[in-house]
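Let me begin by presenting the structure, written as structure tokens, before commenting on it.
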Amino acid sequence: MEGSLCHEFQTDLPATDVWEVYGSLVLGQLVPELLPQVLSKVELVEGDGGVGTVLLVTFPPAGKYKEKFTMVDNEKYIKEAAVIEGGFLDLGFKKYVVRFEIVGQEDGTTIIRSTIEYKVDAEHTSNASLVSTGALVAIAETITKYIKEQKSPMEDREQT
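All the letters of the sequence shown, read from the start, carry residue numbers 2 to 161 under our numbering.
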């Protein structure tokens, strides 16, 4: 069984500001800090944030998985990571990929498009119901708020 879920979150931030976080390893540092209920810890196993980078992700209460960046496009603002060990793979999934696309709009707003693509073996099709964009929605909302809060003090200083 194969499937995908997608969520779009619109923000008034410029795409470059959003990609600065989503396109780097900063996202993995911020999510455990800002959303410990979603991810407890993200550790760099190998790489520099580009294609081939491997992260060890720990989620509450004690689950772990490794993910590998399979695409990082700094021009189109797309990052894709596949689970390569543990997590959903332990539940009968053959594929579990998360893709973030940061899409700038003509009006200056940005859409954070979060997509999950998955494939689960025939014996575990009921586990497909575990796939949810809920965490990705929380991340988009929280990271957007964080970026705005970080920009505000700088803008205030520039005006004085």
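The beta carbon of each residue, even a glycine, is placed where N, CA and C say it ideally should be.
Item: In DSSP terms, what residue 45 is bridged to; Value: 56
Item: is_contact[residue 63, chain B] using C-beta, thresh 7 Å; Value: Protein chain content of the structure displayed is limited to a single chain, and chain B is not contained in it.
Item: Member of 33, 30, 53 and 116 whose CA lies at the smallest distance from the CA of residue 72; Value: 53
Item: Cα-Cα separation between residue 37 and residue 124, rounded to whole angstroms; Value: 32 Å
Item: Cβ-Cβ distance between residue 10 and residue 40 below 7 Å; Value: no
Item: Unbroken alpha helix (DSSP H) run spanning residue 31, endpoints; Value: 27-35
Item: Beta-carbon gap between residue 102 and residue 82 smaller than 7 Å; Value: no
Item: Same chain only: Cβ atoms within 6 Å of residue 26, ignoring 5 sequence neighbours per side; Value: 50
Item: Residue range of the beta strand (DSSP E) that includes residue 123; Value: Element bounds for residue 123: n/a, residue is neither H nor E.
Item: Buried or exposed (CB count within 10 angstroms, at least 16 for buried), residue 33; Value: buried
Item: Simplified DSSP assignment, three categories, for residue 66; Value: strand
Item: Cβ neighbours of residue 152 in the same chain (closer than 6 Å, five flanking residues each side left out); Value: none
Item: N-terminal and C-terminal residue of the alpha helix (DSSP H) that residue 98 is part of; Value: Looking at the DSSP string, residue 98 is not in any alpha helix (DSSP H); the run it does join, the beta strand (DSSP E), is 94-105.
Item: Presumed contact (8 Å Cβ cut-off) between residue 80 and residue 23, rounded CB distance; Value: 6 Å
Item: Separation of residue 45 from residue 56, as counted between CA atoms; Value: 5 Å
Item: First through last residue of the beta strand (DSSP E) which encompasses residue 84; Value: 79-87
Item: Closest Cα partner of residue 86 within the set 150, 100 and 65; Value: 65
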